[in-house]
Amino acid sequence: MKIATFNINGIKARIEALPAWLNTANPDLVCLQEIKSVDEAFPREVFEALGYQVETHGQKGFNGVAFMSKLPLSDIRRGLPGDGADEQSRWIEAVVDAGRPLRVCGLYLPNGNPAPGPKYDYKLAWMARMETRVRDLLAAEESFLCLGDCNVIPQAMDAARPEVWATDALYLPETRETYRRMLNLGLTDAVRARMPGPGVYTFWDYQAVAWERNHGIRIDHILCSPQVADRLDGVGIDKDVRGGDKPSDHVPVWVDIAA
DNA sequence: ATGGTCGGTCTCCGA
3 MKIATFNING IKARIEALPA WLNTANPDLV CLQEIKSVDE AFPREVFEAL
53 GYQVETHGQK GFNGVAFMSK LPLSDIRRGL PGDGADEQSR WIEAVVDAGR
103 PLRVCGLYLP NGNPAPGPKY DYKLAWMARM ETRVRDLLAA EESFLCLGDC
153 NVIPQAMDAA RPEVWATDAL YLPETRETYR RMLNLGLTDA VRARMPGPGV
203 YTFWDYQAVA WERNHGIRID HILCSPQVAD RLDGVGIDKD VRGGDKPSDH
253 VPVWVDIAA
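Take 3 as the starting number for the first sequence in the working numbering and just add one per residue.
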């Protein structure tokens, strides 16, 4: 079973590149971030025609997450628990039925810049809520994945030029400590486990010819529960997508899970 | 050399 994450940076802008990648990569399930669309305006027919069930959790203008799945989904939940006043669409969760149930959490962790400030406070509070959800799922001993744009550069080796990110919300010590504490509960970073760095990136800025100079960072992550880590058959980063026509600034990251 | 690029949108804000 192939499960992927892809920050598409706008569904309207990616209406050609996303189907092209789906046809080539053929994932069973993909978690999308930054759909930048309300649910009613999402062009679901395009993807249903390719055999995908589409489940969106959008909002106007910014953010927004979604699932596209060729396998049946159940228990679909929208929104990260823990703050009823949070109106940002950054979390979607479902159980995918592939012989045995696997819970999939698609996430778009807040960017947090500028730091310090209210946006950084929101990032840290959001991470605390995510940790609570992860603790609950671990306690239940469920098979689950958390995957998406985590907006965290875990280590210096995950940036081509770490010095540039020294004061950035994606790399501040408190960001990395908070993220690491969550992983240390028992989650496996699938890409790091199978692709030891340095030089493994998932994002290249549109600015400053970052792609041409390979000035990338690794911020799109797939975190596996212990039960899923045992079934990890392969991981990949579809880096070539960044060099295609009208690319997103992120590329797809995927895992292959044994049946 | 304090710039540069995208996407979505009440032409600036978020990344």
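Glycine included, every Cβ here is placed at the ideal spot set by N, Cα and C.
Just so you know, these numbers come straight off a predicted model, no measurement behind them.
A direct Cα-to-Cα measurement between residue 254 and residue 87 gives close to 31 Å. Taking one beta carbon from each stretch, the region 218-230 and the region 181-193 have 3 or more pairs nearer than 8 Å; the two touch. Leaving aside the five residues that flank residue 171 on each side, the residues in its chain whose CB is nearer than 8 Å to its CB run, in chain order, 113, 114, 115, 116, 117, 121, 122, 125, 153, 177. For residue 140, the uninterrupted alpha helix (DSSP H) run begins and ends at 120-141, by DSSP.
The Cβ atoms of residue 46 and residue 32 lie no closer than 8 Å to each other.
Contact between residue 184 and residue 136 is confirmed by a C-beta separation of about 6 Å, below the 8 Å threshold. Contact check for residue 37 against residue 58 passes: the beta carbons are separated by less than 8 Å. By DSSP's assignment, residue 70 forms a beta bridge with 32, 56. Inter-residue distance for residue 203 and residue 218 is about 5 Å (C-alpha atoms, whole angstroms). It is roughly 13 Å from the alpha-carbon of residue 4 to the alpha-carbon of residue 240.
Residue 207 counts as exposed, since fewer than 16 other beta carbons sit within 10 angstroms of its beta carbon. CA-CA distance, residue 256 to residue 221, rounds to 13 Å.
For residue 153, the secondary structure class from DSSP, reduced to helix, strand or coil, is coil. By alpha-carbon distance to residue 18, the top candidate from 252, 261, 248 is 248. The C-alpha of residue 210 is placed about 31 Å away from the C-alpha of residue 148.
Counting the other CB atoms within 10 Å of its CB gives residue 105 a total of 16 or more, which places it among the buried residues. DSSP, read as helix, strand or coil, puts residue 116 in coil. Spatial neighbours of residue 238 in its own chain (CB-CB distance under 7 Å, excluding positions within 5 residues in sequence) are listed in chain order as 256. For residue 49, the enclosing alpha helix (DSSP H) has its first and last residue at 46-50. Judged by DSSP secondary structure, residue 24 falls within the alpha helix (DSSP H) whose first and last residues are 19-27.
Apart from the 5 residues on each side of it in sequence, residue 12 sits with its Cβ closer than 7 Å to the Cβ of 36, 38 in its chain, given in chain order.
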